[in-house]
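In what follows, a single structure is set out as structure tokens and then discussed.
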Amino acid sequence: MDFSMQDIKFLPGVGPKKAVLFAAELGIRSVEDLLRHYPYKYVDRSRFYYLHEVAENMPFIQVKGQILKFEKIGEGHTMRLTAIFTDGKSTIELVWFKGIKYVLEKFKTGIDYVVFGKPNPFNGRYNIVHPEIELVSQLPPADQMGLQPFYNTTEKMKTGFLISKTIQKIIFPLLKSLQSGIPETLPAYILKRYALMNLTDSLINVHNPKNTHSLNKARQRLKFEELFYIQLSILLQSKYREQNFSGFIFAQIGQFFNSFYKEFLPFELTGAQKRVLREIRNDVGSGKQMNRLLQGDVGSGKTLVALMAMLMAIDNGFQAALMAPTEILANQHYDTIKELLGDLGVNIALLTGSTSKKMREILHEQLRNGELNILIGTHALIEENVQFKNLGFVVIDEQHRFGVEQRSKLWKKNTNPPHILVMTATPIPRTLAMTLYGDLSVSVIDELPPGRKPIQTYHYYQSKRQSINQFISKQVQAGRQIYIVYPLINESEKMDLQDLENGYNYIQETFPNYKVSKIHGKLKPREKDYQMQKFVSGEYQIMVATTVIEVGVNVPNASVMIIENAERFGLSQLHQLRGRVGRGAEQSFCILLTGFKLAAETRKRMEIMVRTNDGFEISEADLQLRGPGDLEGTMQSGLPFELKIANLVQDVKMLEIARKTAMEILDEDARLEKAENIILYKQLQKMKTNKLNWGVIS
Ligand code: ADP
Ligand code: MG
């Protein structure tokens, strides 16, 4: 058996207990798994710093010197230990909150140590919390003090004495046995074309870099390998799908579509809406199953496009479904579409968690016998007992709320999978879309209906509240309505947050003549609907709410969105919230209220919001600021893998090359049968039996 497949249990320094921890915490079982647990950072230990050089935002540094004295401060739980450490010229404080007894036993004053850690500014000085300390006399020889790797561990691993250092000690000896070579995973022609380091050298250098140059070469190769196999796997999936499922063909544009277009449409379609409809029309006529992502900013008129696409399905004898992430939104879609369709003769129904059992039974029957043309609902409509006579087209609104699994359930609702149109106002950056979905086609509505004025956004500190109140008054007197959004309700008082309840009371006291509705996630659906309805009908002027209103709600007369504690929201959430206004002909405003002290990153977020209304720009900025792992909804939208070394922000170029390469290979050798590609086939098989598990929908 290949050495890399061996169980780590038998490696020196591992043993059964640590092996269990490795498996449970990081999914590491084989030697290869371990070797693929790449360091997340490296620290340059080749140079010693002086304390007078310490500055803000330094990485880990090492300093030579002695401890002058220890001091215990406080008692019991809050006790901490400090030590004054000197490099002979200046001093710095070392701090421990845990393991105090151990530290006092192990380290003494007046001995030469190397102290190692990250300096933090504290009370106008610097300290190092929980530093690593080594005896100068026991330092490894200078040539081994290069780049020290650091490995991710978990809390449980730390309590089991499995820290970064331990991992390093287990991996180092392995690298020696690697010299004889580990099976290469990339074909020779690819290595050659891109001048990539081979696998053996890459693994050796990623764990124990000779120097920065070889580290970079190693990382480059491992990143390429990672991105390339993801692309190869996705593209292979979509080829398989193309070959094994055919798509329903909507051959004609018929009665429903035409009458709706000519007689029912209340306004002219925008150019962008027309273009997207043509794109959809091409797809559904092609014989291939459509997977199309429709991106369009809030208010760009996606619902109408979805409706007209559904009419195409009905004209060809199919049923259609529209799935929304929340009940409020499903209700609203139902109302809007019902009104738009008027007496066109299309049968539509609503199915949500609140639909009564009796009503459900009727619906189920009408779906099965084909009486119902369009079903609108929440995820209730993917439940197993909802069966269609002939489902041909599915619209998923605000897709970031739905996972891959939920989507794949839709596939099973008919003999062939229905065409799928996924709509979102939170654009997925192109790089992410490329990684997530191999063959998802993308349509963009990049034009707002005419007459809309761009929303004006302002960032104010909470101290401006008086003038904002005057502004609210003015707007309400002019007949407008106001949203005020809070990040949470009844958070602990300590957090110094003015929560929804306080906000509601404050608004009622400040504006005794206005009616205020209050909406949050804990309300019963009936109460929520009641409060919502009061606002939608215009009877109430102000709505105080949590983010339950984030998605899709349409009240064209509401022209002001005030977001309290805006620092607590992510960019895409802020953008979604802002999209609740600017839906009518009046000038709309979005006001971001924050405290005065803001982290640099938060300040950037506010600046971006003030500067642009462009959802794409915002989502790119979001990706830059937060990284893809954190990107709102990414996890829910089902990033089906974890990137170990590549980074979707930094490695965009490489991702594109990897994708292009994978495409070229599959174009020439779709089943990876050529001798030089066998290696690819084998590696994919291996990935399949390992962790990577691609759903039908990629
Ligand atoms: P979103 O893309 O956010 O889902 P909607 O579909 O809710 O946007 O549309 C927002 C508003 O714009 C709705 O009131 C809708 O009736 C209106 N609308 C859509 N298309 C047009 C158009 N071509 N001309 C004028 N108004 C439109
Ligand atoms: Mg919408």
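Each residue of the sequence shown is one higher than the one before, starting from 19 at the first, in the numbering used here.
Note that beta-carbon positions come from the ideal geometry of N, C-alpha and C, so glycine has one too.
Bear in mind that the values here come from a model prediction, so they are computed numbers and not experimental data.
Which listed residue (the options) has its alpha carbon closest to that of residue i
| i | options | result |
| --- | --- | --- |
| T565 | E557, V554, M579 | M579 |
| K187 | V302, F168, G199 | F168 |
| D669 | K82, M705, D687, L245 | L245 |
| P57 | I185, A563, P137 | I185 |
| G410 | K552, L165, I438, L29 | I438 |
| A617 | R629, V599, A584 | A584 |
| Y247 | A41, P343, I208 | I208 |
| I717 | G45, V294, E111 | Outside the shown range of the chain, which is 19 to 716, sits residue 717, and nothing can be said about it. |
| W114 | Q559, F263, R98 | R98 |
| N575 | M561, V562, E604 | E604 |
| A342 | I683, N531, L518, I400 | I400 |
| V554 | I675, Q255, T679, I500 | I500 |
| I683 | H225, K257, I146 | K257 |
| E71 | E89, K136, K492 | K136 |
| L253 | I696, A688, I697 | A688 |
| F190 | L250, V147, H55 | H55 |
| K194 | I222, P34, G178 | I222 |
| I636 | T444, L340, L233, D685 | T444 |
| Y699 | K210, L250, Y120 | L250 |
| R721 | R586, D632, N631, S606 | It is not possible to answer for residue 721, since the shown part of the chain is limited to 19 through 716. |
| L518 | T288, I200, S459, A563 | A563 |
| T127 | S108, P543, K87, Y120 | K87 |
DSSP-derived helix/strand/coil call for residue i
| i | result |
| --- | --- |
| M627 | helix |
| H351 | helix |
| Q668 | coil |
| I366 | strand |
| H437 | strand |
| L311 | strand |
| T172 | coil |
| A639 | helix |
| A342 | coil |
| N145 | strand |
| Q703 | helix |
| Q526 | helix |
| L29 | coil |
| N300 | helix |
| D361 | coil |
| D464 | coil |
| G135 | strand |
| W712 | Residue confidence is low: W712 scores 39 on pLDDT, short of 50, so the model does not pin down where it sits. No coordinate-derived value is stated. |
| K536 | strand |
| L589 | helix |
| D415 | strand |
| Q551 | helix |
| T565 | helix |
| T442 | strand |
| Q499 | strand |
| E152 | strand |
| I129 | coil |
| L428 | helix |
| V38 | helix |
| I609 | strand |
Presumed contact (8 Å Cβ cut-off) between residue i and residue j, rounded CB distance
| i | j | result |
| --- | --- | --- |
| M441 | K536 | Incorrect: roughly 29 Å between the Cβ atoms, too far for contact. |
| S220 | L204 | In fact, because the Cβ distance is near 10 Å, the residues do not count as touching under 8 Å. |
| L611 | Y478 | 6 Å |
| L180 | L53 | About 16 Å; that fails the 8 Å criterion. |
| V133 | L157 | Not really, about 12 Å apart at Cβ, beyond 8 Å. |
| D105 | Y68 | 6 Å |
| R623 | L643 | 7 Å |
| N391 | N365 | 5 Å |
| V494 | Y532 | 6 Å |
task: Examine the Cβ distances between the stretch 315 to 335 and the stretch 266 to 276 and report whether three or more of them are shorter than 8 Å.
output: yes
field: Three or more C-beta pairs below 8 Å linking the stretch 575 to 592 and the stretch 536 to 549
entry: no
query: Counting Cβ pairs, one atom from each stretch, are 3 or more of them under 8 Å apart for the stretch 466 to 477 and the stretch 517 to 529?
result: Output reads no: the stretch 517 to 529 does not touch the stretch 466 to 477.
task: Starting from the N-terminal side, write out each stretch of the beta strand (DSSP E) that is 3 residues or longer and does not extend beyond the stretch 40 to 118.
output: 59 to 62, 79 to 91, 98 to 104, 109 to 114
- request: Evaluate contact between the stretch 391 to 404 and the stretch 365 to 372, counting only Cβ atoms and requiring at least three cross-stretch pairs below 8 Å.
  value: yes
- request: Let me know the alpha helix (DSSP H) ranges lying completely inside the stretch 163 to 248, each 4 residues or longer, listed in chain order.
  value: 173 to 177, 182 to 196, 206 to 211, 217 to 225
Cβ pair count under 8 Å reaching 3, the stretch 34 to 48 against the stretch 171 to 181: yes
- prompt: Three or more beta-carbon pairs under 8 Å between the stretch 376 to 386 and the stretch 353 to 360, yes or no?
  reply: Touching, no.
- prompt: Within the chosen definition, does the stretch 590 to 609 reach the stretch 304 to 320 through at least 3 CB pairs nearer than 8 Å?
  reply: At 8 Å Cβ cutoff, the stretches touch.
message: Using 8 Å as the cut-off, can you tell me whether the stretch 478 to 494 makes contact with the stretch 346 to 356, which would need three or more C-beta pairs spanning the two stretches below that distance?
response: no
- request: Could you say if the stretch 63 to 77 and the stretch 88 to 96 meet the contact criterion of at least three C-beta pairs nearer than 8 Å?
  value: no
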